[in-house]
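Order-wise, the sequence lines are chains A and B. At position 382 of the first sequence (counting the first as 1) the number is 378 in my numbering, and the numbers step up by one without a gap. At position 4 of the second sequence (counting the first as 1) the number is 1 in my numbering, and the numbers step up by one without a gap.
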Amino acid sequence: MLRFIGVRLVQMSLLFLVFLTLLFFLLQAQPGDFSRQFLDPNIPAENRDLIAARFGLDQPLWRQYLTYMGNILQGDLGVSFARYPRSVVSVISERLPRTFFLFTFATMLSYYLGFMLGKVLAWRRGGSQEMGITLGGVILYTVFYPWFALVMIWFFAAYLDLVPVNQFLTPIRWREAPFSANTVFASIIWSTLLLTVGLGLSLWASRKPDNLAQQRLIRWGGVGLSFALFLAFWLPSDRRTFATDIAHHAVLPIFTLALVAFAGVMLITRGSMLETLKEDYILTARAKGLAPKTIRDRHAARNALLPVTTSFVLGLAFIIGGGLITETVFSWPGMGELLLVSVQNQDIPVAIGSLAMVGALALIAHIVVDVLYVFLDPRIRYQ
Amino acid sequence: MTTPLVEDTSGLKSGQTLLEVDNLIMRYKTKQGYVSAVEDVSFVLHKGEALGLVGESGCGKTSIALSLLRLQADNGEIMGGSIKLGGKDLVPISEEEMRTHRWNDISMVFQGAMNSWNPVYRVGDQIKEALDLHWPTRLSRAEVRERIGELFALVGLPADAQDRYPHEFSGGMRQRAVIAMALSCNPQVIIADEPTTALDVIVQDQILKELKRIQDDLDMSIIYISHDIAVIAEVTDRMAVMYAGKMVEFGDTADIFSAPRHPYAWLLLSSTPSIVGPRRQLAPLEGEPPNLLDPPTGCRFNPRCPFATDQCRVEEPPLADIGGGHMVACWNYEDVPVGITAGGVA
């Protein structure tokens, strides 16, 4: 197992270098360079050349490539052209958590709800209710996403006025703020992450003891304790109002993303469940006299989980495309928006940096799934 | 034509009736109409007895087995008759109540026993599931392990095999474990649906001997279902021959093998080679079972029957006792030759 992970890590690193090379040349294939971006005709040609020389854009491409790769190997992603002199690493480390928060939340929500509803749909196949929900799922799954996001903004933000229209925060509230938005956001991320870990641990630990009363105690005790700690951190905190502002802005994009992703998960789960329900061991489970819910959850859904997990990884690719659209439509200053803007104004270091981050995440996700499969399916073992 | 009268050995050991099936009718509802999979089937199973159901694929053997547990497919419906277990009719009771009888009173070794295991759980845990549900007292983990160990010893598996996953077992081991699981809650009746079909002949023989031994040791009642009449001959006391959802012949296994009275049973036996007795020509059974959406009028076997008369095409023969508990549903059973197979002696 460890050896397998080691081999995969080496393979992935090589793949990553190839990926970076491709990125570098693809982005450089755009006509012109950063110094030609300024439309002002009053900028004299020698000044443009000076800018090019400062950023090394006058060097031959192969030398630029070697310099770039040399720097990457030392963990240096370079300096942003458009935000000179900020380093790419600092720009990304500001943006990445925002995207990460948005998508992790939306993905977890959509997979949880999609899986739960999908298995019930398959279990009750044939009814008119099931038909209606499946049809709704297909519509959500195939809807033109930017349009759908705009409709959501119109309905929930403009028409019902429940949530703010777009942006990451309400600037007017932050004018006198004693903290930067990033500090507050970092505590939001850490506290929700710890809350999730707490909830996960209590659910996991509650399976260990043999009797039902103890299981219940651990489960609800753990859940209660996690929430209590979460509230104990936020309620007395003077960052609370600012955190609420950010959270308020995050609701609509998370909900919209989750709704669209959820439909896909539901349909995959439904299909996978329908296959599993035909298996002989389902008949065995019924013959044993198990309750329908036990058969559905413990026998059918557990096996239907495997293809859903695979789609989970493929779903991570959705972050690249969906992130761009979501963040643009909702003016959410995350990685997607950063990528779009940096490609538009040829801020090559930031563009490669953010795409490289996406690639690295996708590669890591693949290793995680390979490992996860070992736990999900005992038939899979790596030598 | 005389029928050899053999002493009635039904209800062999105790004579105690365990399961009584009366005029059971189970049909599948399809878009084209009802498919009559089990039509008017009646039989009695005694304690300690092994009963065989034999017939071609699609003749309703498995449908009977599933009906006994009320596990027929969603479109299947029990439309008449009763299934009395220890005097209690299982047909009208609620699904929840039925669940308490499944496995606890009637358990099953399935046709695809190789695939009867859920691949993601350990074998022991899957047996534990049944024990947790049905065992009269709540067993601790250690007690469950001990119980499964006993069961495994009974079927010739090492006790620590319960910690393994199904895919780590060979086909024969999986089948043994399936039998152990079927025995786990001390059921009164075990239904073995093609218990050895997927296994090679040597393992098949071992498993059958094992089952027979366990049956004798525990004084169990087993219903064997097979298309392989050699298997039925080896392990059962009494047997039923099924054709197109109906029971066409019922009696002592020895009687039916020595002198089948229904033309279908006669042809079925004639198409099977025997390693004892004179060498003879095998006669293939011509034709196919009828379409159960629209079964032939009269006797369902009449289109394939060499002895069919006009009466057979119009009027359905009842399953009638021709002496000694040997029952046949045929108007012309006396025309069926005794001691001669359809192929004749080579």
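By construction, the Cβ of each residue, glycine as well, lies at the ideal position given by its N, Cα and C atoms.
{"Query": "Cβ contact check for the region 62 to 81 of chain B and the region 24 to 44 of chain B: 3 or more pairs under 8 Å", "Result": "yes"}
{"Query": "Any chain C beta carbon closer than 7 Å to M105 (chain B)", "Result": "The chain inventory of the structure shown lacks chain C, comprising the protein chains A and B."}
{"Query": "Three-state secondary structure assigned by DSSP to L154 (chain B)", "Result": "coil"}
{"Query": "Endpoints, the alpha helix (DSSP H) within which I124 (chain B) is located", "Result": "120 to 131"}
{"Query": "Of the listed residues B:P292, B:C296, B:T233, B:H131, nearest to S181 (chain B) (C-alpha basis)", "Result": "B:H131"}
{"Query": "Cβ pair G326 (chain B), P314 (chain B) closer than 7 Å", "Result": "Checking the sequence, you will find Ala at residue 326 (chain B) rather than Gly. Yes, these two residues count as a Cβ contact at 7 Å."}
{"Query": "Meets three-Cβ-pair contact criterion under 8 Å: the region 200 to 214 of chain A and the region 223 to 230 of chain A", "Result": "no"}
{"Query": "Member of A:Y378, A:F371, A:I321 whose CA lies at the smallest distance from the CA of W143 (chain A)", "Result": "A:I321"}
{"Query": "Distance, T192 (chain A) Cα to L216 (chain A) Cα", "Result": "According to the sequence as given, residue 216 (chain A) is Trp; it is not Leu. So the two alpha carbons sit approximately 14 Å from each other."}
{"Query": "Cβ separation of S344 (chain B) and L15 (chain B), assumed to be a contact under 8 Å, to the nearest whole Å", "Result": "For chain B, the structure presents residues -2 to 343; residue 344 (chain B) sits outside this window and is missing."}
{"Query": "Cα-Cα separation, S222 (chain A) to T95 (chain A)", "Result": "25 Å"}
{"Query": "Reference A177 (chain B); option with closest CA among B:D122, B:G49, B:P260", "Result": "B:D122"}
{"Query": "Simplified DSSP state of R235 (chain B), which is helix, strand or coil", "Result": "strand"}
{"Query": "Close-in-space but distant-in-sequence residues of the same chain around M262 (chain A) (CB under 6 Å, 5 per side omitted)", "Result": "G110, L113, G114, G133"}
{"Query": "DSSP state of G84 (chain B) mapped onto helix, strand, coil", "Result": "coil"}
{"Query": "Cut-off 7 Å between Cβ atoms - residues of its own chain near D29 (chain A), not counting five sequence neighbours on either side", "Result": "A48, L53, Q342"}
{"Query": "Contact list for the region 310 to 340 of chain B against chain A, Cβ threshold 7 Å", "Result": "none"}
{"Query": "Touch test, the region 323 to 340 of chain A against the region 53 to 62 of chain A, Cβ-Cβ under 8 Å, three pairs minimum", "Result": "no"}
{"Query": "Rounded straight-line distance, which links the Cα of V35 (chain B) to that of S79 (chain B)", "Result": "13 Å"}
{"Query": "Beta carbon of V175 (chain B) nearer than 7 Å to that of W263 (chain B)", "Result": "no"}
{"Query": "Y277 (chain A): contacting residues in chain B (beta-carbon distance under 8 Å)", "Result": "N112, S113, W114, N115, P116"}
{"Query": "Contact the region 31 to 49 of chain B vs the region 215 to 226 of chain B: 3+ CB pairs below 8 Å", "Result": "yes"}
{"Query": "Any C-beta of chain A under 7 Å from that of D5 (chain B)", "Result": "Below a pLDDT of 50, predicted positions are generally treated as unreliable, and D5 (chain B), at 42, falls in that range; no measurement from the model is reported."}
{"Query": "7 Å Cβ cutoff, G285 (chain A) in contact with chain B", "Result": "yes"}
{"Query": "Nearest residue (CA-CA) to Q278 (chain B), options B:G284, B:S268, B:P286", "Result": "B:S268"}
{"Query": "Where D190 (chain B) sits in the DSSP three-state scheme", "Result": "strand"}
{"Query": "Burial state of V213 (chain B) (16 or more Cβ within 10 Å)", "Result": "The identity of residue 213 (chain B) in the sequence shown is Asp, whereas the question assumes Val. Exposed."}
{"Query": "Distance between F97 (chain A) and R361 (chain B) (C-alpha atoms, nearest Å)", "Result": "This structure leaves residue 361 (chain B) out entirely; chain B is present only between -2 and 343."}
{"Query": "Chain B within 7 Å of D343 (chain A), Cβ atoms only", "Result": "no"}
{"Query": "Contact with chain A by A127 (chain B), beta-carbon distance below 7 Å", "Result": "yes"}
{"Query": "Alpha-carbon to alpha-carbon, P303 (chain B) and S351 (chain B)", "Result": "No answer is possible for residue 351 (chain B): the residues shown for chain B start at -2 and end at 343."}
{"Query": "Residue-chain proximity (L130 (chain B), chain A), Cβ-Cβ < 7 Å", "Result": "yes"}
{"Query": "Per-residue DSSP class, three states only, for T14 (chain B)", "Result": "strand"}
{"Query": "Buried or exposed by the 16-neighbour rule on C-beta atoms within 10 Å, applied to T269 (chain A)", "Result": "According to the sequence as given, residue 269 (chain A) is Met; it is not Thr. Buried: at least 16 other Cβ atoms inside 10 Å."}
{"Query": "G330 (chain A) and V84 (chain A) closer than 7 Å at C-beta", "Result": "no"}
{"Query": "Contact residues within the region 82 to 108 of chain B, judged by C-beta distance below 9 Å to chain A", "Result": "E92, E93, M95, R96, T97, H98, R99, W100, N101, I103, S104, M105, F107, Q108"}
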